[in-house]
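Numbering-wise (our numbering), the sequence shown opens with residue 1444 and increments by one. All C-beta atoms, glycine included, are put in the ideal place defined by N, C-alpha and C.
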Amino acid sequence: MAAAKATLMDKIVSLCKRKGFVFQASEIYGGIGNTYDYGPLGVELKRKVKEAWWNSMVTTRADVVGLDSAIIQNPKVWETSGHVGGFSDPMVDCKTCKGRFRADHIDELSCPEKPSKKPGECHGELTEARSFNLMFKTNVGALEGASSVAYLRPETAQGIFLNFKNVLESSRIKPPFGIAQIGKSFRNEITPGNFVFRTREFEQGEMEFFVPPAENDKWYEYWKNERFDWYVRHGINPEKLRMRDHAEDELAHYSTGCADVEYEYPFGWGELEGIACRTDFDLSRHAEASGSDLRYFDPESKERYFPYVIEPAGGIDRMALTFMVDAYEEQQLEKDIRVVLHFHPLIAPTTVAVFPLVKKEGMPEKAREIEEQLRLARFSTFYDEKAAIGRRYRRQDEVGTPFCVTVDGDTLSENVVTVRHRDSMEQDKVKSDELVAYLHQAVQEWKR
Ligand code: GAP
């Protein structure tokens, strides 16, 4: 079973490279650890994931607004948030091979020189565990020195707390309300990453939801359910998802609750997103350290208080990987195996591919016209006229395109196209002038 599971991950990594989803970063120079680039289809997949996240978290809600804060903030931010002092992993070094390993992951790791052994079991001597801060340091300005040290943000959340007052005063919004942000975060991860599951630079989708303290528990339950359902609504198999409540001894000292949405990856269960009760920890710490009053004044009760915070925090790259792993299927058909990605149409990099049946009789011109019409109607489209029609369908199955439209003799004589559905492989005849409405409905009605 373990071998079969490992093979699935290998197949996904290989498909990602072959089809242009994900490439190793700096590949021609031998790469750089835990760092990847997204190709033409990967960037579309991520864009769709971000769009789906933003739509549910911001666009369709009256109680959440958006933000885009800076990656490099005043270093005092990270002292106050606790990241300078405490955002670290315990690491050990091997005195023989000079490898560095997470002390709490030794059992899952192998010696780089003798991969059949764990670090320390290969005659190498390990040092005592030492704290290794995960933040990337840089220098700001022309002079390098202690006073110019700055950090690349390790989470997007702190930028939201820093702007709590600005948003409150400029948006005429009041608790309960949220501020959402999508952006890059950076962590000097040492543990091997399982492809894009754990990388050194990654995008996060985080939202801080500010509530009156008495409403904390109600909103915590609400966001746990909402975030779990979001994955199911976007096509993830609910049997591969679970909500894991953190035990008391896993919670940060200020937190009253935390739960992870976990997915069963080919390499085991892993955290996809966390939903945390952060209480008033961040706002009160930043208020104290900056001298700025970050309390909310409630004009009805005349009370001034620090709202409590519920934080759903997910990794966009991890979401994209999860959609990919969950969508992958090898279907045994009568004559061969069909590789297909069953993406939700809102997540698929391409929504509709358009083909002329043959490259003559005016079909390519008509197909290009229809492709343009769909593109202008805001569908993500792709035009292909190379190879037999069956092979073109299969190529789109492999990259998860839910609908293919074929222009044939009937299109020229009767203005009717064939729509082929990826999942069932069934075909419908549709009038060209009803195609946009037909596809909009098919996207809305899609079921896993
Ligand atoms: N503000 C809270 C916070 O950052 P976290 O659990 O450290 O919490 C939230 O990160 C999410 O970000 C994780 O659930 C995961 O999806 C993603 N994430 C964290 N570290 C990551 C990494 N090194 N590579 C990819 N995604 C990561």
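CB of residue i within 9 angstroms of CB of residue j, strictly
i       : j       : result
Phe1740 : Leu1726 : no
Glu1658 : Lys1627 : no
Ala1690 : Ala1719 : no
Val1850 : Ile1813 : yes
Val1879 : Val1862 : no
Leu1855 : Glu1773 : no
Thr1824 : Arg1643 : no
Ser1512 : Ile1616 : no
Phe1710 : Thr1794 : no
Val1654 : Tyr1751 : yes
Asp1532 : Phe1575 : yes
Cys1540 : Glu1556 : yes
Ala1796 : Arg1835 : yes
Phe1629 : Ile1514 : yes
Phe1671 : Val1704 : yes
Gln1839 : Arg1865 : yes
Exposure label - residue i; buried when at least 16 CB within 10 Å
i       : result
Met1387 : Given that the chain is displayed from residue 1444 to residue 1891, the structure contains no residue 1387 and the question cannot be resolved.
Thr1722 : buried
Asp1736 : exposed
Leu1510 : buried
Ala1589 : exposed
Tyr1663 : buried
Thr1844 : buried
Trp1889 : buried
Val1592 : exposed
Gln1624 : buried
Glu1901 : Given that the chain is displayed from residue 1444 to residue 1891, the structure contains no residue 1901 and the question cannot be resolved.
Val1492 : buried
Which of helix, strand or coil DSSP assigns to residue i
i       : result
Ala1831 : coil
Ser1917 : No answer is possible for residue 1917: the residues shown for the chain start at 1444 and end at 1891.
Ser1574 : strand
Leu1552 : coil
Glu1568 : coil
Arg1865 : coil
Ser1875 : helix
Phe1544 : strand
Phe1604 : helix
Ile1622 : strand
Met1444 : Low confidence applies here, because Met1444 scores a pLDDT of 46, under 50, leaving its location unreliable; read the following figure in that light. It is coil, neither helix nor strand.
Val1783 : strand
Lys1803 : coil
Ser1512 : coil
Leu1684 : strand
Val1456 : helix
Identity of the residues DSSP links to residue i by a beta bridge
i       : result
Gly1757 : Gly1648 and Glu1716
Ala1796 : Phe1825 and Cys1847
Lys1561 : Looking at the DSSP assignment, Lys1561 forms no beta bridge with any residue, so it has no partner.
Asp1506 : DSSP output for Asp1506 lists no bridge partner at all.
Pro1533 : Ser1574
Thr1581 : Ala1593
Asp1480 : Phe1466
Lys1627 : Glu1646
Tyr1748 : Tyr1739
Val1859 : Lys1874
Glu1772 : Val1783
* To do: Note down, one range per segment and in chain order, each beta strand (DSSP E) of at least 3 residues found wholly within the segment 1640-1674.
  => 1644-1654
* Of all the beta strand (DSSP E) runs that stay within the bounds of the segment 1688-1728, which reach a length of 3 or more residues? -> 1700-1708 and 1711-1722
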